[in-house]
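Numbering-wise, the sequence shown is residues 4 to 431 according to this note's numbering.
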Amino acid sequence: MTMTEPASTAAATAGPVWRRGDFPKLWLGQSVSLLGDQITLLVLPVLAALTLRASVAEVAGITVAARLPFLVIGLPVGAWVDRWDKRRVLICADAVRFAAAAAIPAGVALQRLTMPLVLAAVLISGVATVFFQVAYTSYLPFLVTQRGHLGTGNMLLVLSESLSLAVGPGLAGIMISWLGVGDALLLDAGTCAVSVGTLLAIRSRVVSKPLRSAPSRGLYRDVAEGLRFVITHPVLRPIAFCSGWYVLFFIITESLLVLYGLRSLHMTPAMIGLALAAGGAGMPVGNLVGRWLAEQLGLGRALLLSAVVAVSGPLFFPLAPAHGAMPWLIAGSVLSGLGQGSYNVNSITTRQLLTPPELLGRMSAVFRFVVWGAMPLGSAVAGAVGGNLGLRNAMAVGAAGQVLCVPFLLSRGLLRTAPGQGRRAVAP
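Given below as structure tokens:
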């Protein structure tokens with residue numbers, strides 16, 4: 004893939020990417036918005052359970068409503084994003100997310116809040132999030148046109164996501180205590196408004212225009228073209244298979260880890276929380292290390308090493324002794340977080356560099372569909388395996404399954420990379 008930078012932006016190519024051109028505006032808006040999303044993930048179940056007296060099924064429905072749009076409309080959204088102006092898609096999606104987020108505290112204030120309203124708002128926000136996630140991953144290569152800066156841009160965006168995962172839940176607890184549930188939810192609406200403002204402040208317009216090599220042949224054919232591109236690509240195919248397989252088994256260990264710690268390892272909730280926090284702290288470090296690994300080893304080898312580190316962590320879980328398991332869970336969580344953080348940065352960069360501009364939206368949608376589609380399946384498998392084999396054996400199944408994602412990355416096409424991402428990211 005070759006991208007040329009418009010002459011009008013040539014003056015902005017000097018200096019680090021976080022201080023150059025319009026990227027800082029995108030980064031700021033996304034960092035704030037991601038933090039607001041993490042706060043809402045905790046606040047909404049609390050609101051449903053304490054204020055609306057929701058059942059377990061209704062609380063679980065919040066998560067389903069948030070993830071379901073990725074499965075239902077994820078693939079066609081990629082085709083639509085490739086046809087449309089990506090910057091406008093981002094602005095419209097954030098505006099819809101703002102309206103959906105503001106509807107819930109408005110219902111609280113008016114004493115008209117019901118569980119159907121909450122689920123409807125989450126579902127609408129989920130649909131907008133699908134458009135937003137696909138568009139902003141596809142938009143970055145147009146906004147950051149120099150190859151050497153693309154990896155750094157991805158690193159910074161993924162780093163913001165990792166930090167939001169680490170501090171968001173704790174901040175949510177503080178906000179609930181200080182402001183109450185309704186006002187805490189206003190924060191998410193406010194972060195969407197900030198994101199809209201930063202997107203509107205982006206001056207460059209030419210980079211957001213959709214590029215197409217041929218007239219549209221219909222939605223379904225466009226979707227099929229995106230699927231075919233990923234499945235037949237010698238580098239993207241192993242990354243997609245590895246990512247989907249890993250998530251399928253990672254969700255098994257993630258879903259059962261708290262119950263495993265409580266019932267099998269005799270740990271307190273505080274101890275389990277500390278172990279999980281260690282994993283959250285490892286991800287930002289992995290984001291930073293991943294960029295360096297790509298420079299030293301090339302993207303393909305960096306991906307392989309990152310995956311090996313990520314899958315080695317959960318192996319500690321089923322081996323943990325019934326008493327004194329804390330060091331085992333911390334070690335496993337840290338390694339898992341480090342590997343995931345590094346893998347995510349280099350996976351996104353590799354995909355962007357190897358995808359033609361007119362296919363970026365559909366490629367991103369395919370990967371989102373694979374990863375998010377594996378999540379509910381992994382949760383279902385976790386329940387079946389945990390109930391029939393016991394918690395320790397279920398953790399062993401999840402850990403062993405994650406290891407099996409590594410062979411996908413032994414593809415010769417993927418490993419033919421040259422160190423120094425900015426000079427030659429992926430060998431032809």
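Every residue, glycine too, gets a C-beta built ideally from N, C-alpha and C.
query	result
Beta-carbon proximity check, I107 vs L38, cutoff 8 Å	no
Identity of the residue in L251, F253 and G276 nearest V261 by Cα	G276
Beta-carbon proximity check, G376 vs G293, cutoff 8 Å	no
Collapsed DSSP secondary structure at A69 in the structure displayed	helix
Cα-Cα separation, A334 to V311	15 Å
Close beta carbons around A105, own chain, < 8 Å, minus the five adjacent residues each side	L189 and A192
Beta-carbon proximity list for L251, same chain, < 8 Å, skipping 5 on both sides	A377, L380, G381, V384 and G404
Sufficient close CB pairs (3 or more, under 8 Å) joining the region 126-145 to the region 85-105	yes
Cβ-Cβ distance between I437 and L53 below 8 Å	Residue numbering for the chain in the displayed model covers 4 to 431; residue 437 lies beyond these limits and cannot be assessed.
Proximal residues to P321 (C-beta, below 7 Å), its chain only, five neighbours per side dropped	R395, M398, A399 and A402
Chain-order list of residues whose beta-carbon lies under 8 Å from that of L202 (same chain, five-residue window excluded)	K28, L29, G32, R90, L93, I94 and D97
Cα-Cα separation between L239 and R70, rounded to whole angstroms	24 Å
Bounding residues of the alpha helix (DSSP H) (the contiguous stretch that carries R365)	L363 to L392
Cβ pair count under 8 Å reaching 3, the region 350-360 against the region 324-340	no
Assumed close pair P72, V35 - CB separation to whole angstroms, cut-off 8 Å	The pair is not a contact, with the Cβ atoms about 22 Å apart (cut-off 8 Å).
Delimiting residues of the alpha helix (DSSP H) encompassing D186	V184 to L203
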